[in-house]
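260 is the number that UniProt numbering gives to position 260 of the sequence shown; each next residue is one higher, with no gaps.
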Amino acid sequence: MAAVAQTPHTPLEGYVGFDSITSQIEAKLLKRGFALNIMVVGQTGLGKSTLVNTLFSSHLIESKGRLESHEAVRKTTEIHPVSHLVIENGVKLRLNIVDTPGYGDQVNNDNCWDPIVKYIKDQHSAYLRKELTAMRDRYIADTRIHVCLFFINPTGHGLRPIDVAVMKKLSDVVNVVPVIAKSDSLTLDERDLFKERIRAEMQYNNIRVYPFDNEEYEDEERELNERIRALIPFAVVGSEKQVVIDGKSVRGRKNRYGVINVENENHCEFVYLRNFLTRTHLQDLIETTAHIHYEQFRSKQLLALKESSSRQQAQQQAQQSNGV
Ligand SMILES: Nc1nc2c(ncn2[C@@H]2O[C@H](COP(=O)(O)OP(=O)(O)OP(=O)(O)O)[C@@H](O)[C@H]2O)c(=O)[nH]1
Ligand SMILES: [Mg+2]
């Protein structure tokens, strides 16, 4: 009887240790840190610059005024990125926030979104150029906008046609997360009603807001996204000042109803928004930008490039056969 060849024991049958890959990846990611690029967009004077400063908890956007009634109104006049490194438990997060001028105060607001959409596309284009160079860098600095916070006027009524138009344009190129600006001007009941109305209007107008589910997601992620979609738009309050509540100094605002603590979930949803951006959806915002928005841009550009080069080739051939 022929002996059955026994496969010798290989180390592969023992403990391989590839499970340590997670800690290797973790160590690498932690060392490099994360960068999240946020953009704020909305009508004039809705508190965009203030919210950026609230997120940073420090006055990074120069505060030129409006603090006293005799001082001039502070107005953002150009697209302006600011950056801040946040370190929590040894994890580095670079927050880059792009502040934009408010729109909607011109007689003609047609195409007021053009400079903003152009800025987003310019970042995609810069990334693509770096990717296509022969000696591309191993790590390309990413300036692509991962999330655009869209500020809604707290009128209690609904979206203006201009807001619908801007949101639509933006959602084609970037992850859009709507927020209700200055939500301290609404009562809690008004706020809930307004949120419902905005969600219905967004659905009616086919505005695709982040987060999206994809087939790879686990039930847990789907549930979390479902909860976020029921919470959106986040009702936020921004403040650059400290107020004293129960003897403690907190970031907040005084209004005619009392004192608002920006960090208190019973007062507003600023903390939910911050957790959503910097904790639960940080990685997903970055991935969705790369895999959906940037990918769309990239394939369009490469296709256009291919078409123009084959057109050129065809022209050259025609010229040659004509004996030119
Ligand atoms: N009640 C209230 N007022 C706010 C809030 N956030 C900002 N403000 C005030 O609104 C005014 C405008 O704030 P900005 O942050 O300059 O607004 P902006 O959207 O950057 O304005 P533009 O750059 O001109 O578009 C300031 O007087 C702020 O103090 C808020 O959450 N609630
Ligand atoms: Mg501003």
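For glycine and all other residues, C-beta sits at the position ideal for the given N, C-alpha and C.
Where ARG208 and THR288 are concerned, what is the direct C-alpha to C-alpha distance, given to the nearest angstrom? Distance between the alpha carbons of ARG208 and THR288 is about 13 Å.
Between ASP189 and ASN255, which are expected to be in contact by the criterion C-beta below 8 Å, what is the C-beta distance as a whole number of angstroms? Between ASN255 and ASP189 the Cβ distance is about 17 Å, and since that is not below 8 Å, they are no contact.
Spatial neighbours of ILE228 in its chain, beta-carbon cut-off 7 Å, leaving aside the 5 residues before and after: PRO211 and PHE276
Consult DSSP for VAL179 and reduce its assignment to one of helix, strand or coil. strand
Own chain, CB closer than 6 Å to GLY158, minus 5 neighbours either side, in chain order: ARG197 and GLU201
Taking only the alpha-carbon atoms, compute the straight-line gap between GLU295 and VAL243 and give it to the nearest angstrom. Distance between the alpha carbons of GLU295 and VAL243: 45 Å.
Once you ignore the five residues that flank PHE56 on each side, which residues in its own chain have a CB closer than 8 Å to its CB? Cβ within range, chain order: VAL82, HIS84, LEU95 and ILE97.
beta-carbon PHE151 near ligand 1 non-hydrogen atom, thresh 8 Å: Checking every heavy atom of ligand 1 against the Cβ of PHE151, one is found closer than 8 Å.
Rounded to the nearest angstrom, what separates GLY90 and LEU51 at their Cα positions? 25 Å
Give the secondary structure of MET1 by DSSP, where H, G and I count as helix, E and B as strand, and everything else as coil. The pLDDT assigned to MET1 is 48, lower than 50, so where the model puts this residue is not dependable; a value taken from the coordinates is nonetheless given after this. Note: MET1 maps to coil in three-state DSSP.
Tell me whether GLN43 counts as near ligand 1, meaning its Cβ is closer than 8 Å to at least one heavy atom of that ligand. yes
Report back the beta-carbon spacing between LEU170 and PHE150 to the nearest angstrom; my notes put them in contact at under 8 Å. 7 Å
Looking at chain C, is there any beta carbon in it that lies within less than 9 Å of the beta carbon of PHE194? You won't find chain C in this structure, because it holds only one protein chain.
Out of ASP192, VAL173 and PRO233, which one is the CA nearest neighbour of LYS300? Considering only ASP192, VAL173 and PRO233, the residue with the shortest C-alpha distance to LYS300 is VAL173.
Thinking LEU186 and PRO154 are a contact (beta carbons under 8 Å), I'd like their distance in whole angstroms, please. 5 Å
Can you have a look at VAL107 and say buried or exposed, based on whether 16 or more other CB atoms are within 10 angstroms of its CB? exposed
Which word fits TYR204, buried or exposed, when buried means at least 16 other C-beta atoms lie within 10 angstroms of its C-beta? exposed
Verify whether the separation of the beta carbon atoms of GLU263 and ARG279 is less than 9 Å. no
Do LEU273 and PHE34 have their C-beta atoms closer together than 9 Å? Going by C-beta atoms, LEU273 is not nearer than 9 Å to PHE34.
Going by DSSP, what residues sit across from VAL244 in a beta bridge? Answer by DSSP bridge pairing, in chain order: SER249.
Please return the same chain residues whose Cβ sits closer than 6 Å to the Cβ of MET39, not counting the five positions on each side in sequence. Cβ within range, chain order: VAL98, ILE145 and CYS148.
Cβ of TYR119 within 9 Å of Cβ of ILE180? Not in contact: TYR119 and ILE180 (Cβ atoms no closer than 9 Å).
Does the distance between the C-beta of GLY102 and the nearest non-hydrogen atom of ligand 2 fall short of 8 Å? The answer is yes for GLY102.
To the nearest angstrom, how far is it from the Cα of GLN43 to the Cα of ASP163? Our two residues, GLN43 and ASP163, have alpha carbons roughly 8 Å apart in a direct line.
Tell me the DSSP secondary structure of LEU132 in three-state form. It is helical.
Please state if the CB of GLN123 and the CB of ASN225 are separated by a distance shorter than 9 Å. no
Could you give the distance in angstroms between the alpha-carbon of SER63 and the alpha-carbon of ARG74? Only weak support exists for where SER63 lies, its pLDDT of 43 falling under 50; the value from the coordinates is given anyway. Rounded to the nearest angstrom, the two C-alpha atoms are 7 Å apart.
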